[in-house]
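A.B. asks: Going line by line, the protein sequences match chains A and B. Each residue of the first sequence is one higher than the one before, starting from 1 at the first, in this note's numbering. Each residue of the second sequence is one higher than the one before, starting from 372 at the first, in this note's numbering. Sharing a structure, written as structure tokens. Questions coming.
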Amino acid sequence: MSGKTAATVSESAVLEVLKSVRDPDLHRNIVELGFVKNLAVDGGRVRFDVELTTPACPVKEQLRDECRTKVAQLPGVSAVDVNMTANVTARSFSGKAALPGVKNVIAVASGKGGVGKSTAAVNLALALSERGARAGLLDADVYGPSIPMMLGVQKRPKMTEAKKIVPVEAHGLSTMSMGYLSDDNTPVIWRGPMVSGLIQQFLGVVEWGDLDYLVIDLPPGTGDIQLTLCQQAPLAGAVIVTTPQDVSLLDARKGLKMFEQVNVPVLGLIENMSYFVCGHCGTRTEIFRHGGGESESVRLGVPFLGEIPLDPEVVIGGDEGQPILLRSPKSAVAEAYRRVAGAMAAQLSIANANAPAQSNVKLMWDPGKPR
Amino acid sequence: MKPILAPRRLFQIDPRTLGIEWTDGHESRYAVRDLRLACPCAHCVQEWTGEVMVKPESIPADVHPVALEPVGNYGLRVDWSDGHDTGIYTHERLRALCGCADCGGPKDPLTIGRLGR
Chain A
1 MSGKTAATVS ESAVLEVLKS VRDPDLHRNI VELGFVKNLA VDGGRVRFDV ELTTPACPVK
61 EQLRDECRTK VAQLPGVSAV DVNMTANVTA RSFSGKAALP GVKNVIAVAS GKGGVGKSTA
121 AVNLALALSE RGARAGLLDA DVYGPSIPMM LGVQKRPKMT EAKKIVPVEA HGLSTMSMGY
181 LSDDNTPVIW RGPMVSGLIQ QFLGVVEWGD LDYLVIDLPP GTGDIQLTLC QQAPLAGAVI
241 VTTPQDVSLL DARKGLKMFE QVNVPVLGLI ENMSYFVCGH CGTRTEIFRH GGGESESVRL
301 GVPFLGEIPL DPEVVIGGDE GQPILLRSPK SAVAEAYRRV AGAMAAQLSI ANANAPAQSN
361 VKLMWDPGKP R
Chain B
372 MKPILAPRRL FQIDPRTLGI EWTDGHESRY AVRDLRLACP CAHCVQEWTG EVMVKPESIP
432 ADVHPVALEP VGNYGLRVDW SDGHDTGIYT HERLRALCGC ADCGGPKDPL TIGRLGR
């Protein structure tokens with residue numbers, strides 16, 4: 001048959017060839033997953049949307065290229081227009097609808113303090129937002145709230161008529177922190193039950209609106225607040241930040257066990273302060289040893305989301321209210337955060353796809369119900 | 372990631388029987404008074420020794436849930452008709468209490484102790 005014969009392109013032929021494109025994380029083809037939307041064929045021109053489960057998808061470009069190449073090979077196709085979109089999947093959780101409108105709540109945890117958990121929470125939220133997701137950040141570290149300083153905002157949140165707290169907008173994120181409500185010099189000295197109550201307020205009384213991801217910066221450790229959050233918040237998943245040395249990893253292990261006990265999927269481990277690259281000679285120094293996070297992930301059977309190098313710019317940015325993603329967007333650290341955020345979003349999509357539909361309704365007992 | 376075992380559906384079979392359909396497809400039935408006796412809360416099970424402190428004779432014969440609601444991703448809280456509402460039944464504990472033949476037959480709620488707590 002001559003190539004000039006005007007073969008008509010059918011929608012079904014396009015769908016058939018797209019069935020050979022697989023999502024590498026969900027291990028199914030994109031047609032079966034329902035990602036292909038708005039398919040239109042006009043003569044030899046084919047256009048369609050590919051709706052992914054997260055705008056932070058790490059393989060977005062790879063998928064686009066594969067779709068375009070495969071469809072272009074069909075006889076009769078003269079042009080292919082692939083539009084990549086995203087509709088973040090929500091975790092259908094069991095429990096109270098504490099956060100209506102929030103699709104996924106992700107906890108950023110660490111077994112011990114000082115590993116850069118808050119910095120990670122801020123930059124991960126920014127990386128998700130940068131890719132087009134609606135992201136929020138809740139600073140649950142009520143004793144030592146550091147998010148206001150890191151974001152460079154210090155203002156009191158407004159109240160709505162309905163006595164709801166409006167989150168403070170900062171760098172495109174909806175944010176809330178105890179630090180907005182108290183001044184820097186007065187430490188918060190509260191007992192456990194009061195703190196638990198406050199967390200409930202932050203979850204229930206703050207008008208978060210529609211968010212794809214709400215990142216919660218947990219206080220370090222595996223205590224009361226963490227447990228309350230796991231009980232109250234519909235957590236879609238948790239990530240654990242660690243440094244490469246053994247003492248930190250030991251505590252990360254405890255964090256992992258805590259989440260497992262309350263059935264919160266651990267999306268993975270992030271190794272912070274992995275190495276330092278000298279600005280003068282370019283030598284890479286592994287200050288806290290290297291590779292501990294990755295080998296621990298393998299041992300614990302959770303994904304390794306990536307390593308973040310040490311960079312003094314991160315500290316300066318944090319102190320001056322300019323997170324590294326905004327201060328040095330092209331730096332190795334910023335790139336590392338983007339990769340980790342992508343991997344985290346991908347793991348969340350996997351967890352959501354695999355999560356069985358759970359009961360989320362209260363059962364009211366009818367004592368008079370006939371047998 | 373280990374698969375989450377959780378109730379997919381809670382349903383009332385009759386005034387004395389609760390049904391749970393699990394995410395793995397298993398279906399359990401519970402005599403509600405036995406569930407009350409198996410309350411895992413700190414008043415009902417001694418924190419350190421695991422000794423069951425519930426006195427069966429003090430629990431009304433017709434005790435029944437008023438409402439059941441999920442807690443986080445891991446458990447159920449039950450408001451009981453006798454006013455007791457402090458127990459969080461973990462999914463693990465509930466599944467262990469399943470008395471069907473596949474799960475090893477009926478369980479004694481008074482010997483289950485701290486299991487799954």
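Virtual Cβ for every residue (Gly too), placed ideally from N, Cα, C.
Quick one: which chain B residues come within Cβ less than 9 angstroms of aspartate 366/A?
C.D. replies: Ordered by position in chain B, the residues that pass the 9 angstroms Cβ test against aspartate 366/A are Gln383, Pro386.
A.B. asks: Should asparagine 62/A go down as buried or exposed, given a rule of 16 or more other Cβ atoms within 10 Å for buried?
C.D. replies: Residue identity check: residue 62/A is glutamine in the sequence provided, not asparagine. Counting Cβ neighbours within 10 Å, glutamine 62/A comes out exposed, since fewer than 16 surround it.
A.B. asks: Give the interface partners of histidine 435/B over in chain A, defined as CB-CB distance under 8 angstroms, in chain order.
C.D. replies: Those within 8 angstroms of histidine 435/B in chain A are Trp365, Pro367.
A.B. asks: Could you spell out the range, first to last residue, of the alpha helix (DSSP H) harbouring glycine 318/A?
C.D. replies: Glycine 318/A -> alpha helix (DSSP H) spans 312-319.
A.B. asks: Output needed for proline 145/A: all residues of its chain with C-beta closer than 7 angstroms, excluding positions within five of it in sequence on either side, in chain order.
C.D. replies: Hits under 7 angstroms: Asp139, Ser177, Met178, Gly179.
A.B. asks: For lysine 254/A, decide whether its Cβ has a neighbour in chain B, counting only Cβ atoms nearer than 7 angstroms.
C.D. replies: no
A.B. asks: Does the stretch 332-348 of chain A come close enough to the stretch 256-273 of chain A that 3 or more CB-CB pairs lie under 8 angstroms?
C.D. replies: Yes, the stretch 256-273 of chain A touches the stretch 332-348 of chain A.
A.B. asks: Taking C-beta pairs closer than 8 angstroms, name the residues in chain C that leucine 235/A reaches, listed in chain order.
C.D. replies: Any reference to chain C falls outside this structure, whose protein chains are A and B.
A.B. asks: Give the secondary structure of leucine 486/B by DSSP, where H, G and I count as helix, E and B as strand, and everything else as coil.
C.D. replies: Of the three classes helix, strand and coil, the one that applies to leucine 486/B here is coil, per DSSP.
A.B. asks: For chain A, is any of its Cβ atoms less than 7 angstroms away from the one on glutamate 418/B?
C.D. replies: no
A.B. asks: In the DSSP assignment, what are the bridge partners of leucine 211/A?
C.D. replies: Under the DSSP definition of a beta bridge, leucine 211/A partners with Val102/A.
A.B. asks: List, in chain order, every chain B residue whose beta-carbon is nearer than 8 angstroms to that of cysteine 281/A.
C.D. replies: The premise fails here: cysteine 281/A is roughly 42 angstroms from chain B at the closest Cβ pair, so nothing lies under 8 angstroms.
A.B. asks: In chain B, what lies closer than 9 angstroms to lysine 362/A by C-beta?
C.D. replies: Leu381, Ala438, Leu439, Glu440, Pro441
A.B. asks: Could you name the residues that DSSP lists as bridge partners for arginine 380/B?
C.D. replies: Glu392/B
A.B. asks: By the three-class DSSP mapping on this structure, what secondary structure does methionine 344/A have?
C.D. replies: helix
A.B. asks: Which same chain residues end up closer than 7 angstroms to proline 386/B when comparing Cβ atoms and leaving out the 5 residues on each side of it in sequence?
C.D. replies: His435
A.B. asks: If you reduce the DSSP assignment to three classes, tell me which class lysine 37/A lands in.
C.D. replies: strand
A.B. asks: Is proline 219/A closer than 7 angstroms to serine 110/A when the C-beta atoms are compared?
C.D. replies: no
A.B. asks: Which chain A residues are close to isoleucine 375/B, counting only those with a beta carbon under 8 angstroms from its beta carbon?
C.D. replies: Asn263, Pro265, Ala355, Pro356, Gln358
A.B. asks: So, does the stretch 247-257 of chain A touch the stretch 283-303 of chain A, judging by three or more C-beta pairs under 8 angstroms?
C.D. replies: yes
A.B. asks: Taking 7 angstroms as the CB-CB limit, is cysteine 230/A close to chain B?
C.D. replies: yes
A.B. asks: For proline 436/B, which three-state DSSP category applies?
C.D. replies: strand
A.B. asks: Where are the beta strand (DSSP E) runs, 3 residues long or more, that stay fully inside the stretch 109-190 of chain A, in chain order?
C.D. replies: Segments of the beta strand (DSSP E) lying fully in the stretch 109-190 of chain A: 135-139, 168-170, 173-177.
A.B. asks: Report yes or no: is there a C-beta of chain A within less than 7 angstroms of the C-beta of threonine 482/B?
C.D. replies: no
A.B. asks: For threonine 394/B, return the contacting residues in chain A, with the cut-off set at a CB-CB distance below 8 angstroms.
C.D. replies: Correct list: Pro356, Ala357, Gln358.
A.B. asks: Is any non-hydrogen atom of the ligand COA found closer than 6 angstroms to the C-beta of isoleucine 350/A, if you look at the structure I gave you?
C.D. replies: This structure lacks the ligand COA, and indeed carries no ligand of any kind.
A.B. asks: What residue range is occupied by the uninterrupted alpha helix (DSSP H) comprising valine 423/B?
C.D. replies: First-last for valine 423/B: undefined, no H or E at that position.
A.B. asks: In the structure shown, what three-state DSSP assignment does serine 10/A receive?
C.D. replies: coil
A.B. asks: With DSSP as the reference, identify every bridge partner of isoleucine 225/A, one or two as the case may be.
C.D. replies: Its beta-bridge partners do not exist; DSSP assigns none.
A.B. asks: Tell me which residues share the same chain as threonine 285/A and place their Cβ nearer than 6 angstroms to its Cβ, disregarding the 5 neighbours each side in the sequence.
C.D. replies: Phe276
A.B. asks: If the cut is a Cβ gap below 8 angstroms, which residues of chain A does proline 411/B touch?
C.D. replies: Within chain A, no residue comes near proline 411/B; the closest Cβ sits about 14 angstroms away, beyond 8 angstroms.
A.B. asks: How many angstroms separate the CA atom of serine 452/B from the CA atom of valine 437/B?
C.D. replies: Cα to Cα, serine 452/B sits roughly 6 angstroms from valine 437/B.
A.B. asks: My understanding is that alanine 107/A touches alanine 238/A, with C-beta atoms under 8 angstroms, so please give their C-beta distance in whole angstroms.
C.D. replies: 4 angstroms
A.B. asks: For methionine 159/A and isoleucine 199/A, what's the separation of their Cα atoms in angstroms?
C.D. replies: 17 angstroms
A.B. asks: Can you have a look at arginine 156/A and say buried or exposed, based on whether 16 or more other CB atoms are within 10 angstroms of its CB?
C.D. replies: exposed
A.B. asks: Kindly indicate which three-state DSSP category tyrosine 460/B falls into: helix, strand or coil?
C.D. replies: strand
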